[in-house]
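Trainee:
2 protein chains.
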Amino acid sequence: MLAKLWVIKIGGNIIDHPEGLSRFLERFSYLKGNKILVHGGGKIATRIAADLGVEAKLVDGRRITDEAMLRIVTMVYAGLTNKQLVAKLQSHKCNAIGLSGADGNAIRAVKRPVKEIDYGLVGDILPNSVDAEAIATLLDHGFVPVFSAITHDGHGQLLNTNADTIAAALAVALSDRYTTSLVYCFEKPGVLRDINDEASVIPQIRAGEFEQLRSSGIIADGMVPKLHNAFEAIAKGVAEVCIGHADDVLLLREQQFGTRMIR
Amino acid sequence: MLAKLWVIKIGGNIIDHPEGLSRFLERFSYLKGNKILVHGGGKIATRIAADLGVEAKLVDGRRITDEAMLRIVTMVYAGLTNKQLVAKLQSHKCNAIGLSGADGNAIRAVKRPVKEIDYGLVGDILPNSVDAEAIATLLDHGFVPVFSAITHDGHGQLLNTNADTIAAALAVALSDRYTTSLVYCFEKPGVLRDINDEASVIPQIRAGEFEQLRSSGIIADGMVPKLHNAFEAIAKGVAEVCIGHADDVLLLREQQFGTRMIR
Chain P
1 MLAKLWVIKI GGNIIDHPEG LSRFLERFSY LKGNKILVHG GGKIATRIAA
51 DLGVEAKLVD GRRITDEAML RIVTMVYAGL TNKQLVAKLQ SHKCNAIGLS
101 GADGNAIRAV KRPVKEIDYG LVGDILPNSV DAEAIATLLD HGFVPVFSAI
151 THDGHGQLLN TNADTIAAAL AVALSDRYTT SLVYCFEKPG VLRDINDEAS
201 VIPQIRAGEF EQLRSSGIIA DGMVPKLHNA FEAIAKGVAE VCIGHADDVL
251 LLREQQFGTR MIR
Chain D
1 MLAKLWVIKI GGNIIDHPEG LSRFLERFSY LKGNKILVHG GGKIATRIAA
51 DLGVEAKLVD GRRITDEAML RIVTMVYAGL TNKQLVAKLQ SHKCNAIGLS
101 GADGNAIRAV KRPVKEIDYG LVGDILPNSV DAEAIATLLD HGFVPVFSAI
151 THDGHGQLLN TNADTIAAAL AVALSDRYTT SLVYCFEKPG VLRDINDEAS
201 VIPQIRAGEF EQLRSSGIIA DGMVPKLHNA FEAIAKGVAE VCIGHADDVL
251 LLREQQFGTR MIR
């Protein structure tokens with residue numbers, strides 16, 4: 001039987017609220033077993049960009065990462081946020097080690113090809129571009145990798161990369177070696193049957209039920225791609241994908257956390 | 001016989017010059033054996049601080065690290081500079097892993113006690129505060145740790161810490177496990193007998209000769225504390241301390257690099 005691995009992603013909304021973030025980090029520290037934390041950015045990069053006079057560039061509503069913006073997200077995500085998270089986890093005796101995809105060549109990416117839009121220095125993760133062995137070496141020696149959403153192309157270029165995608169790529173790549181749960185923590189208790197009722201969490205969705213929930217309109221908007229990606233990760237070997245509130249992270253232990261997606 | 005370890009520190013002057021930095025990183029990649037890179041800051045932190053309206057605070061000519069400045073050095077040293085170095089080293093097939101002292105609890109420090117001056121969030125490294133086992137685990141698995149000059153106190157606080165001191169503390173702590181050379185790379189070819197003659201490098205200084213070179217005024221000014229610290233590291237188990245030009249780093253292989261200090 002394979003050892004258990006949690007790959008847990010926290011969104012920018014968690015990062016932006018110090019009290020909720022502190023609660024989450026303490027609880028995450030208590031979670032037993034192999035674990036990886038992946039963090040998004042939060043609003044601080046936007047604020048620092050504005051203070052430095054670097055304008056957020058948008059094309060058709062999509063954010064573009066030019067060189068100036070890449071420097072800022074590298075500073076903020078891989079520097080300030082990552083090291084603050086690591087220092088706080090260490091204070092809870094969780095042996096965190098903060099990484100970007102460049103570190104240990106853990107996650108390579110390619111600059112997104114220019115089609116209608118040139119997204120700039122944004123990285124797409126290809127299959128087999130995660131070095132599972134390097135990450136397993138760290139896990140097996142008791143380190144808790146904490147990944148920021150920065151990767152590299154292997155030729156010296158850092159790239160801004162979506163944190164959800166990083167978490168999924170890590171979970172998929174490590175599922176040969178561990179029974180892997182991919183967990184998305186956000187500020188809702190899970191996938192809701194009624195978006196206005198936080199008590200209407202759907203506890204479990206099987207792959208076969210997803211299409212029906214979508215066509216009936218129960219799962220809509222931003223949840224559709226999230227769940228699509230979840231079932232894709234499951235098809236590639238991840239044991240389960242869970243989505244729920246960051247405060248509830250310890251409920252993962254008894255399978256009572258938010259919405260659980262399985263094969 | 002113990003395996004060889006190089007602990008190589010590059011100063012801010014190297015960081016600030018892209019061409020020299022590229023040359024150094026390529027040559028560093030070619031150096032065989034276990035190795036650790038420690039980097040200082042460079043002028044970019046000062047520039048970004050100015051752009052963000054954060055004033056460098058000086059008391060009696062000494063730089064003070066207040067909270068705003070700590071955020072900036074964490075962003076720049078542990079984020080931007082560290083990840084750029086790592087990505088470039090990876091492009092040369094050197095398996096760099098960028099770390100602060102908080103990562104893997106590698107280097108703990110204590111906030112410098114307030115005497116005449118309150119230096120703010122500056123960390124002093126105590127004996128036994130380097131986790132040699134964690135770092136050896138990384139080295140023994142082929143990683144090349146790249147340390148920025150940020151540590152933590154173990155209670156969640158990051159601290160700004162002198163890069164020379166970090167390099168010395170790492171070399172001392174690892175000298176039980178490796179035959180350790182501590183190397184300071186800067187923009188001069190070594191310790192000069194005549195400060196105006198770059199050809200006057202003193203190839204070797206033994207501990208017993210240091211006092212005489214100092215009292216005769218050949219070693220003066222900023223070189224005195226540097227060499228004092230070098231011989232202190234040697235007294236604590238480091239095999240040799242070398243100081244020379246970053247361009248010459250590969251001359252370490254045949255003991256032709258700058259000035260070599262030995263017991």
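Chains as they are written, first to last, in the UniProt record's numbering: chain P, 1 to 263; chain D, 1 to 263. All C-beta atoms, glycine included, are put in the ideal place defined by N, C-alpha and C.
1. So, with DSSP's three-state summary, where would you put residue 236 (chain P)?
2. Using a Cβ distance threshold of 8 Å, determine whether the stretch 138-151 of chain P contacts the stretch 70-85 of chain P, with at least three qualifying pairs required.
3. List the endpoints of the continuous alpha helix (DSSP H) containing residue 13 (chain P).
4. Would the beta-carbon of residue 102 (chain P) fall within 8 Å of that of residue 86 (chain P)?
5. Checking contacts by CB at 8 Å: is residue 75 (chain D) closer than that to chain P?
6. Please list, in chain order, the residues of the stretch 129-143 of chain D that have any C-beta partner in chain P closer than 7 Å.
7. Check the DSSP bridge columns for residue 180 (chain D) and list the partner residues they point to.
8. If you follow the beta strand (DSSP E) that residue 151 (chain P) is part of, which residue opens it and which one closes it?
9. On the three-state DSSP scale, how would you describe residue 186 (chain D)?
10. Out of curiosity, what's the CA-to-CA distance linking residue 210 (chain D) and residue 57 (chain P)?
11. So, do the stretch 19-27 of chain P and the stretch 129-140 of chain P have three or more beta carbon pairs nearer to each other than 8 Å?
12. Suppose you measure from the CA of residue 204 (chain P) to the CA of residue 164 (chain P); what does that come to, to the nearest Å?
13. Taking the C-alpha atoms as reference points, what is the distance between residue 110 (chain P) and residue 156 (chain P)?
14. What would DSSP say about residue 193 (chain P), mapped onto helix, strand or coil?
15. Look up residue 212 (chain D) in the DSSP assignment and say whether it is helix, strand or coil.
16. Hey, residue 161 (chain D) and residue 117 (chain D) are a contact pair by Cβ (cut 8 Å); roughly how many whole angstroms apart?
17. Does DSSP put residue 65 (chain P) in a helix, in a strand, or in coil?
18. Measuring straight from C-alpha to C-alpha, what distance separates residue 256 (chain P) and residue 190 (chain P)?
19. Report yes if the C-beta distance between residue 8 (chain P) and residue 249 (chain P) is below 8 Å; otherwise report no.
20. Taking just the CA atoms, how far does residue 170 (chain P) sit from residue 6 (chain P)?
21. By a C-beta neighbour count over all protein chains shown, 10 Å radius and 16 as the cutoff for buried, is residue 196 (chain D) buried or exposed?
22. Mind pulling the chain P residues with CB within less than 8 Å of residue 71 (chain D)?
23. Nearest to residue 153 (chain P) by CA position, among P:183, P:100 and P:184, is which residue?
24. Among residues of its own chain, excluding the 5 on either side of residue 198 (chain P), which ones have a beta-carbon nearer than 6 Å to its beta-carbon?
25. So, helix, strand or coil for residue 57 (chain D), using DSSP?
26. Can you list the residues of chain P that residue 156 (chain D) reaches, using a CB-CB cut of under 8 Å?
27. Pick out whichever of D:184, D:192, D:200 and D:258 has its Cα sitting closest to the Cα of residue 233 (chain D).
28. Residue 18 (chain D) by DSSP, collapsed to three states: which one?
29. Please list the segments of the alpha helix (DSSP H) lying wholly inside the stretch 78-134 of chain P, counting only runs of 4 or more residues, in order along the chain.
30. Which residues in chain P have a C-beta closer than 7 Å to the C-beta of residue 83 (chain D)? List them in chain order.
31. Do residue 145 (chain D) and residue 36 (chain D) have their C-beta atoms closer together than 8 Å?
32. Pick from P:181, P:41, P:141 and P:227: whose alpha carbon is nearest that of residue 69 (chain P)?
33. Measure the beta-carbon distance from residue 29 (chain D) to residue 89 (chain D) and round it to whole angstroms, keeping in mind my assumption that it falls under 8 Å.
34. Compare the C-beta of residue 97 (chain D) with all C-beta atoms of chain P and state if any pair is closer than 8 Å.
35. Pull up the distance between the alpha-carbon of residue 200 (chain P) and that of residue 46 (chain P), whole angstroms please.
36. Alpha carbon to alpha carbon, how far is residue 215 (chain P) from residue 224 (chain P)? Give it in angstroms, no decimals.
Mentor: Looking at the coordinates:
1. Against the first sequence, residue 236 (chain P) aligns to sequence position 236. Three-state result, residue 236 (chain P): coil.
2. Contact between the stretch 138-151 of chain P and the stretch 70-85 of chain P is present, because at least three Cβ pairs lie under 8 Å.
3. Locating residue 13 (chain P) in the first sequence gives position 13, counting from the first residue. Where residue 13 (chain P) is concerned, the enclosing alpha helix (DSSP H) stretches over 12-15.
4. Stepping through the first sequence from its first residue, residue 102 (chain P) is reached at position 102. Stepping through the first sequence from its first residue, residue 86 (chain P) is reached at position 86. Cβ distance not < 8 Å, so residue 102 (chain P) and residue 86 (chain P) don't count as in contact.
5. Translated into positions along the second sequence, residue 75 (chain D) becomes position 75. Yes - at least one Cβ of chain P is within 8 Å of the one on residue 75 (chain D).
6. Contact annotation: in the stretch 129-143 of chain D, residues whose CB is within less than 7 Å of a CB in chain P are 137, 141 and 143.
7. The residue given as residue 180 (chain D) occupies position 180 in the second sequence. In the DSSP output, where bridge partners are listed per residue, residue 180 (chain D) has D:5.
8. The count along the first sequence starts at 1 and reaches residue 151 (chain P) at position 151. First-last of the beta strand (DSSP E) with residue 151 (chain P): 150-152.
9. As a first step, residue 186 (chain D) is located in the second sequence; it is residue number 186 there, counting from the start. In the structure shown, residue 186 (chain D) sits in a strand (DSSP, three-state: E or B).
10. Within the second sequence, residue 210 (chain D) is the residue found at index 210, counting from 1. Within the first sequence, residue 57 (chain P) is the residue found at index 57, counting from 1. Cα-Cα distance, rounded: 58 Å.
11. no
12. In the first sequence, residue 204 (chain P) corresponds to position 204, counting from 1. In the first sequence, residue 164 (chain P) corresponds to position 164, counting from 1. Each residue's alpha carbon lies about 20 Å from the other.
13. For the purposes of this step, residue 110 (chain P) is identified with residue 110 of the first sequence, where counting begins at 1. For the purposes of this step, residue 156 (chain P) is identified with residue 156 of the first sequence, where counting begins at 1. Roughly 12 Å separates the two Cα atoms.
14. In the first sequence, the residue the question calls residue 193 (chain P) occupies position 193. DSSP, read as helix, strand or coil, puts residue 193 (chain P) in coil.
15. Along the second sequence, one-based indexing puts residue 212 (chain D) at 212. Three-state result, residue 212 (chain D): helix.
16. Stepping through the second sequence from its first residue, residue 161 (chain D) is reached at position 161. Stepping through the second sequence from its first residue, residue 117 (chain D) is reached at position 117. In fact, because the Cβ distance is near 16 Å, the residues do not count as touching under 8 Å.
17. The count along the first sequence starts at 1 and reaches residue 65 (chain P) at position 65. Of the three classes helix, strand and coil, the one that applies to residue 65 (chain P) here is strand, per DSSP.
18. Here residue 256 (chain P) refers to the residue found at position 256 of the first sequence. Here residue 190 (chain P) refers to the residue found at position 190 of the first sequence. Distance between the alpha carbons of residue 256 (chain P) and residue 190 (chain P): 11 Å.
19. By one-based count along the first sequence, residue 8 (chain P) stands at place 8. By one-based count along the first sequence, residue 249 (chain P) stands at place 249. Closer than 8 Å, so yes.
20. For this step, residue 6 (chain P) is matched to residue 6 along the first sequence. For this step, residue 170 (chain P) is matched to residue 170 along the first sequence. Approximately 10 Å, taken between the alpha carbons.
21. To locate residue 196 (chain D), count along the second sequence from 1; it is residue 196. Residue 196 (chain D) should be labelled exposed.
22. Indexing the second sequence from 1 puts residue 71 (chain D) at position 71. The answer, in chain order, is 80.
23. By 1-based counting over the first sequence, the position of residue 153 (chain P) is 153. Considering only alpha carbons, the answer is P:100.
24. Position 198 of the first sequence, counting from 1, holds the residue named residue 198 (chain P). Within the same chain, residue 198 (chain P) has close Cβ partners 189.
25. Residue mapping note: residue 57 (chain D) aligns to position 57 of the second sequence, counting from 1. Three-state DSSP puts residue 57 (chain D) in a strand.
26. By one-based count along the second sequence, residue 156 (chain D) stands at place 156. In chain order: 87, 88, 90 and 91.
27. Taking the second sequence and counting its residues from 1, the one referred to as residue 233 (chain D) is at position 233. For the residues D:184, D:192, D:200 and D:258, the minimum Cα distance to residue 233 (chain D) belongs to D:184.
28. Along the second sequence, read from residue 1 onward, the residue named residue 18 (chain D) stands at position 18. Correct three-state label for residue 18 (chain D): helix.
29. 82-91
30. Locating residue 83 (chain D) in the second sequence gives position 83, counting from the first residue. Those are 74, 78, 100, 102, 150 and 158, listed as they occur along chain P.
31. Numbered from its first residue, the second sequence carries residue 145 (chain D) at position 145. Numbered from its first residue, the second sequence carries residue 36 (chain D) at position 36. Cβ atoms of residue 145 (chain D) and residue 36 (chain D): closer than 8 Å.
32. Counting from one through the first sequence, the residue named residue 69 (chain P) turns up at place 69. Measuring from the Cα of residue 69 (chain P), the nearest candidate turns out to be P:41.
33. Taking the first residue of the second sequence as 1, we reach residue 29 (chain D) at position 29. Taking the first residue of the second sequence as 1, we reach residue 89 (chain D) at position 89. Going by Cβ atoms, the distance from residue 29 (chain D) to residue 89 (chain D) rounds to 6 Å, so yes, they are a contact pair.
34. The residue given as residue 97 (chain D) occupies position 97 in the second sequence. Interface residue, yes.
35. By 1-based counting over the first sequence, the position of residue 200 (chain P) is 200. By 1-based counting over the first sequence, the position of residue 46 (chain P) is 46. Rounded to whole angstroms, residue 200 (chain P) to residue 46 (chain P) spans 34 Å at the Cα level.
36. Position 224 of the first sequence holds residue 224 (chain P). Position 215 of the first sequence holds residue 215 (chain P). Each residue's alpha carbon lies about 11 Å from the other.
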